[in-house]
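Residue numbering for the sequence shown follows my numbering, beginning at 11 and increasing consecutively.
Cβ coordinates follow ideal geometry from the N, Cα and C atoms, glycine included.
Predicted model, so just to flag it, every value in this text is computed and none were measured.
Down below is the structure, laid out as C-alpha cells.
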Amino acid sequence: MAQLDGLLPAAQSMQEWLTETRRHFHRHPELSCQEHATAEAIAGRLRDMGVAVTEGIAETGVVGLLAGRDGPCVAIRADTDALPITEATEAPYSSQVPGVMHACGHDAHITCALGAARLLADRAAELPGAVKLIFQPSEEMVSGAARMIDEGVLENPAVDRCIGFHVSALYPVPVVSFSHGPKMAGTNSFTIEVRGESGHAGYPHLTVDPIPIAAQIVLALQTVVSRRVQPTEPAVISIGQIQGGTKCNIIGDRVVMEGTMRFFEPDLREAMVAWTKRIVEGVAESMGGSAQLRVGTGTPPLICDDDLTDVARAACARAIGEEAVALHDERFMGGEDFAYFAERVPSTHFWLGIRKPGAADWPSLHSDRFDIDETALPVGAASLAACALGLLEGAGE
Ligand code: NI
Numbered sequence: 011m012a013q014l015d016g017l018l019p020a021a022q023s024m025q026e027w028l029t030e031t032r033r034h035f036h037r038h039p040e041l042s043c044q045e046h047a048t049a050e051a052i053a054g055r056l057r058d059m060g061v062a063v064t065e066g067i068a069e070t071g072v073v074g075l076l077a078g079r080d081g082p083c084v085a086i087r088a089d090t091d092a093l094p095i096t097e098a099t100e101a102p103y104s105s106q107v108p109g110v111m112h113a114c115g116h117d118a119h120i121t122c123a124l125g126a127a128r129l130l131a132d133r134a135a136e137l138p139g140a141v142k143l144i145f146q147p148s149e150e151m152v153s154g155a156a157r158m159i160d161e162g163v164l165e166n167p168a169v170d171r172c173i174g175f176h177v178s179a180l181y182p183v184p185v186v187s188f189s190h191g192p193k194m195a196g197t198n199s200f201t202i203e204v205r206g207e208s209g210h211a212g213y214p215h216l217t218v219d220p221i222p223i224a225a226q227i228v229l230a231l232q233t234v235v236s237r238r239v240q241p242t243e244p245a246v247i248s249i250g251q252i253q254g255g256t257k258c259n260i261i262g263d264r265v266v267m268e269g270t271m272r273f274f275e276p277d278l279r280e281a282m283v284a285w286t287k288r289i290v291e292g293v294a295e296s297m298g299g300s301a302q303l304r305v306g307t308g309t310p311p312l313i314c315d316d317d318l319t320d321v322a323r324a325a326c327a328r329a330i331g332e333e334a335v336a337l338h339d340e341r342f343m344g345g346e347d348f349a350y351f352a353e354r355v356p357s358t359h360f361w362l363g364i365r366k367p368g369a370a371d372w373p374s375l376h377s378d379r380f381d382i383d384e385t386a387l388p389v390g391a392a393s394l395a396a397c398a399l400g401l402l403e404g405a406g407e
C-alpha cells in the first residue's frame with residue numbers, strides 16, 4: 011500500500027489541470043439524458059491518458075477501463091448531468107447555457123474521477139486488478155444508473171466492488187466522510203389525480219369540487235408516516251406540487267398533485283404505496299369524487315457495505331491524512347441512484363467536503379449560488395484513487 015502515500019501530492023500537482031477541467035464542465039452543463047458534449051469531452055480526456063474507452067452506454071454514459079494484472083475489478087462511479095437552474099454565482103466560469111447549471115457539483119464529480127484516472131493510469135501496469143471508471147448520465151432523473159446496469163456496465167469485466175461519492179457543503183476541504191450501513195433513503199415519486207365535476211363557484215352544491223378533496227387527501231396523507239410507520243423507523247411523504255383550477259369563480263374538474271416517499275426499510279416501499287392508495291381513493295370517494303394514485307420512478311435505499319467502508323476509509327486516511335477522514339453513521343433522506351450499483355455489488359460511498367475552510371455558511375446543493383472550493387478537487391481525486399487501490403488489495407481477503 012506504499013503507493014497510497016504519494017497520491018495527494020501527485021493530485022495537488024495537477025491542481026491547475028483539475029481546475030481547468032472542472033471549469034470546462036461547469037461552463038457547459040447539460041441536462042439529464044442530454045449529456046452528449048459532456049460524454050465526448052470525458053471520452054477525449056480519458057483517451058489522452060491512454061485509458062480504454064467505451065461510449066454510448068445508456069446513450070450518454072462513458073466507461074473507462076484501466077486493466078492491470080489479473081485480479082478483481084473495482085468501479086468508480088461519477089454522475090454527469092446538470093440541473094434546470096439559472097446560475098447566480100457571477101463566477102468568471104459561470105454556466106454559458108441559459109437556465110442550466112451544475113448546481114449539484116456533478117462537474118466536480120466528473121473532474122475528480124478523471125483525476126483519479128490520471129493518477130491510476132500512471133500506475134496501470136502495477137495495479138493488482140482492473141479499475142472501471144463509470145461516468146453515469148441522468149442521476150437527477152434517477153434513470154441513468156439502472157439503465158447503465160441493464161446495458162451491462164457491471165460486466166466485461168465483472169465489477170466486484172463499487173465506489174460512489176458526492177460533494178457536500180456540510181464539510182470543509184479537505185474532509186472526506188464515510189458511513190456504515192444505510193446512508194441515503196429509498197425513494198418513490200407519485201402522482202395523484204383527483205376528479206370532480208366542474209361548475210360555478212357560487213353554486214358548489216351543483217358541483218363536485220376537487221380542491222377540498224385534494225386538501226383532505228394532503229392532510230390525511232400525513233398519517234401515513236405518523237400513524238402507520240413504526241416511530242423509530244425514518245420515513246417521509248411529501249406533496250411537492252399541486253395544480254388545479256383556473257379562476258376564482260370557477261370550480262374545476264381536476265386537481266393533480268405530485269409527491270415523493272422516502273424510506274430505508276425495503277418493505278416500506280410497498281406498504282407506503284398501499285396506505286397512500288387507500289387514503290387517496292377512500293377520501294375522494296367519501297366526498298363524492300374519485301382519485302387515482304400513479305407511482306412513478308424511484309431508487310432503492312443506498313446501503314454501504316461495512317467492511318468495504320472500513321477498507322476504503324483506511325486507504326483514504328493513508329493517502330490524505332487520518333485527520334481529514336471522518337466517519338458519521340448518519341442517514342440522509344435524499345435519494346441517490348448510486349443505490350442501484352450498491353444493490354448489485356458491495357459498495358461504499360463518501361461525502362467530499364467542498365466548503366472553503368473557515369467559511370461560516372455555504373450555499374447548499376441545488377442552490378443557484380452553489381459553488382465549490384476547487385482545492386477539494388485533488389482531495390477527491392486522491393481519495394477515489396486511494397479507495398480503488400485499497401479495495402483492489404482488500405478484495406481478495
Ligand atoms: Ni447530485
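Selection L18, A127, H38 and L399 evaluated against G60 yields A127 as nearest (Cα-Cα).
The beta carbon of Y103 is closer than 7 angstroms to those of R33, H36 and R37 in its chain, skipping five residues each way along the sequence. In this structure, A334 keeps its C-beta atom at 8 angstroms or more from the C-beta atom of L14.
Between the C-alpha atoms of L303 and A281 there is a straight-line separation of about 14 angstroms. The continuous alpha helix (DSSP H) containing D316 extends over residues D316 to I330. In this structure, the alpha-carbon of A131 lies about 16 angstroms from that of W27.
In summary, Y213 is exposed, with fewer than 16 beta-carbon neighbours lying within 10 Å of its beta-carbon over all protein chains present. C172 has its Cβ no nearer than 7 angstroms to any heavy atom of the ligand NI.
With fewer than 16 neighbouring CB atoms inside 10 Å of its own CB, I260 falls in the exposed class. Within 7 angstroms of the C-beta of C258 there is not a single heavy atom belonging to the ligand NI. Considering only R354, I52, R79 and G81, the residue with the shortest C-alpha distance to V73 is I52. As computed with DSSP, W361 is found in a beta bridge with H176 and S187.
For the beta strand (DSSP E) assignment, the uninterrupted runs of no fewer than 3 residues enclosed by the segment 228–266 are, from N- to C-terminal side, 245–254. Listed as beta-bridge partners of C83 by DSSP are A140. Annotated three-state conformation of I95 is coil, per DSSP.
The continuous stretches of beta strand (DSSP E) do not include F351, which lies in the alpha helix (DSSP H) extending over residues A349 to R354. Of the candidates R79, C122, L124 and L93, the residue whose Cα lies closest to the Cα of C114 is L93. At a threshold of 7 angstroms, H116 counts as near the ligand NI, since its beta carbon sits closer than that to one of the ligand's heavy atoms.
Using a cutoff of 7 angstroms, the CB of H112 does not count as near the ligand NI, since none of the ligand's heavy atoms is closer than that. The segment 192–211 and the segment 105–124 do not touch, with fewer than three beta-carbon pairs separated by less than 8 angstroms. For E149, the shortest separation between its Cβ and any heavy atom of the ligand NI lies below 7 angstroms. In the three-state reduction of the DSSP assignment, A398 falls in the helix class, which pools H, G and I.
DSSP, read as helix, strand or coil, puts S300 in strand. The three-state secondary structure of K366, taken from DSSP, is coil. The DSSP-derived three-state label of L375 is coil.
The shortest C-alpha to C-alpha distance from T31 to any of V84, I120 and T70 is the one to I120. Between R288 and A245, the C-beta spacing is not below 8 angstroms. The continuous beta strand (DSSP E) containing R205 extends over residues G196 to R205. Taking P167 as reference, the option from S153, A77 and A88 with the minimal CA-CA separation is A77. Relative to the Cα of A68, the nearest Cα in the group C43, D58 and G306 belongs to C43.
Remark: C-beta atoms of I227 and I202 approach each other more closely than 8 angstroms. Taking a C-beta distance under 8 angstroms as the contact criterion, A324 and G390 do not qualify as a contact pair. Only buried fits G139, as 16 or more other CB atoms lie within 10 angstroms of its CB. Under a 10 Å Cβ-count criterion, P276 is classified as exposed, with fewer than 16 other Cβ atoms of the shown protein chains found around its own Cβ. When DSSP states are grouped into helix, strand and coil, T309 belongs to the strand group.
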